[in-house]
Amino acid sequence: MSVAPSCTTCANAAAARHASRKSCQPSAPSRSPPRNKQRLRRAKSRRSRRLFALARHLRAARPALWHAASPHGVLASHFFGDLVLNPRPAVLVDPEPAEPINAVSLASFEPRDVPVVRVDSDLPAVPHDQLTVSALRARFARPPVWTPELRREPRAGHRAPAQAAVLVPIVQRREPTVLLTERATQMSTHSGQVAFPGGRVDPEDANVAAAALREAWEEVGLSADYIEVLGSLPTYTTVTSFIVTPVIALVQPGFHLTLSPSEVADAFEVPLSHLMNPANHRRHAMVGEGLNARQWFSMPYQDGLQERFIWGATAGMLRNFYRFLSA
C-alpha cells in the first residue's frame, strides 16, 4: 500500500455564497452482450466473497473454535487462508468489487441490523493533549508519514464518479467537538444519515477547501468568518461514487446555524475524544442477497436520549483521521 501524505493547502479559502448543483446524473450502463464465461466468473466471485465474510463472522462469534491450532482453525486455513484467522484485516472493503451493489437493496438497507463483529478496544485512544487546538495546528503544519486505513467502498449502480468535499468542523470548545449533520430524508443519496457538511465540487470552486466552505454555508449557515482550514486528508470514494476530500478545520464558538430544510434535518456536536477512541469504533460485516460482502465502521454516540448512529463513509473518514493523529 502506498504512503499517503497529507494535504495542507487552501488555508485561507473563502466561502462562495451561490447555489450548488447537488444532483449527480448517472451515466448510461454498459450494454455489452453477456458471455457465459463472464457470468461464471462473476458468480464464483460473489460466492467467494460471501464465503469469506461468513467465515469472518463465524470466527468473530466463536473465536476459541477458530484458533489457528484448533481443528476448526486448520480447516479454515486450508479453505480461507490467513484472511479468516486474522481478526483485524488491514483493509475492510473490496477495493474493486466485481459488480456494483444493487441500488434497490441499498435503499432498503438498515445498518443497525448488521451484527458487530469486533470493537477495536485494544487500540490506544488519541491522548487529550494531542486534540488541543495548538496540537492540531502543529500536526497539520508537520504532517506525519502515514497510510489511510480506508479509501473506497463498493460502488452502487453505474453512477459516474464525481469530485466532492466535506468540512470536518472541529469546534474549539473546552473539550473540542465535531459538528455533524443529519441529512434530510428527501435527499437522493445517503438520506437520513449522519454526515459532515459538504457536497459536490462545482466548477466555480477555487479548490476543495472552497467547496467545503461553500457547502457548509449553504447547508447549515456556518460562516467562513469562524473557520480556520488546517488541511485535508486523502480522498475517500463512497458507495455512490463520490470521490470525497475531507477538509479539516477549526471553528470558533459564537457561530449561529441556519439549516437548509431541503438538505439537513438536524445538526449536533460530538466530542472529538469520543470519535478518536477506537473503543467506540465498531466493525460490522455482512453477507446478503443482492449485496456484495461488506464491512464498515460505526461510531454510535448517545446524545441525551437519542442515539446518533455515525457509520459508513463518515465513520470511515473519521477512522482515517484517527490514523492520521495517532501516526
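For reference, each letter of the sequence shown is one residue, going 33 to 359 in the numbering used here.
Cβ atoms here follow ideal geometry from the backbone N, Cα and C, with glycine treated the same way.
The model shown is predicted, which means the values in this text are computed figures rather than measured ones.
Could you compute how far the alpha carbon of E236 sits from the alpha carbon of G253?
19 Å
Quick test of the definition: if touching needs 3 or more C-beta pairs under 8 Å, does the stretch 209-219 touch the stretch 270-278?
no
Would DSSP call T270 helix, strand or coil?
coil
Tell me, which residues are paired with P201 by DSSP?
A281
Can you grab the Cα-Cα spacing for the pair A297 / R206, in whole Å?
27 Å
Taking 8 Å as the limit between beta carbons, can you name the residues of its chain near G286, skipping five residues before and five after?
Y258
Tell me the rounded alpha-carbon separation between F172 and F356.
10 Å
For K76, collect the residues of the same chain with a Cβ closer than 6 Å to its Cβ; drop the 5 residues on either side in sequence, then sort them by chain order.
With a pLDDT of 48 at K76, under the threshold of 50, the predicted position of this residue should be treated as unreliable, and no value is reported.
Since S264 is in the beta strand (DSSP E), which residue starts that stretch and which ends it?
259-264
Is any heavy atom of the ligand MN found at a distance shorter than 7 Å from the C-beta of G336?
The ligand MN is not part of the structure shown, which contains no ligands of any sort.
Considering only C-alpha positions, which residue in the set H316, W328, S358 is nearest to V148?
H316
So for E251, helix, strand or coil by DSSP?
helix
Quick check: what's the CA-CA separation for T213 versus E250?
13 Å
For a test of the three-state rule: what should DSSP assign to S153, helix, strand or coil?
coil
For G336, tell me which candidate among S330, V302, L163 has the shortest Cα-Cα distance.
V302
So what does DSSP say about V210, is it helix, strand or coil?
strand
If you drop the 5 nearest sequence neighbours on each side, which residues of the same chain put their C-beta closer than 6 Å to that of S358?
V158
What do you get for E142, buried or exposed, if any count of 16 or more other CB atoms within 10 angstroms of its CB means buried?
exposed
R232 versus A345 - alpha carbon distance
15 Å
Using alpha carbons as the reference points, say which of A170, A242, Q225 lies closest to E339.
Q225
Close Cβ partners of R169 (< 6 Å) along its chain, the five nearest in sequence each way excluded
none
Contact defined as beta carbons within less than 8 Å: I believe L245 pairs with L304. What is the distance between those atoms, to the nearest angstrom?
So it is not a contact: roughly 20 Å between Cβ atoms.
By alpha-carbon positions, which one of M308, Q327, I342 ends up nearest to Y333?
I342
According to DSSP, is F329 part of a helix, a strand, or is it coil?
strand
Beta carbon of L262, beta carbon of P208: below 8 Å?
no
Could you pull the DSSP bridge partners for V226 from this structure?
E214
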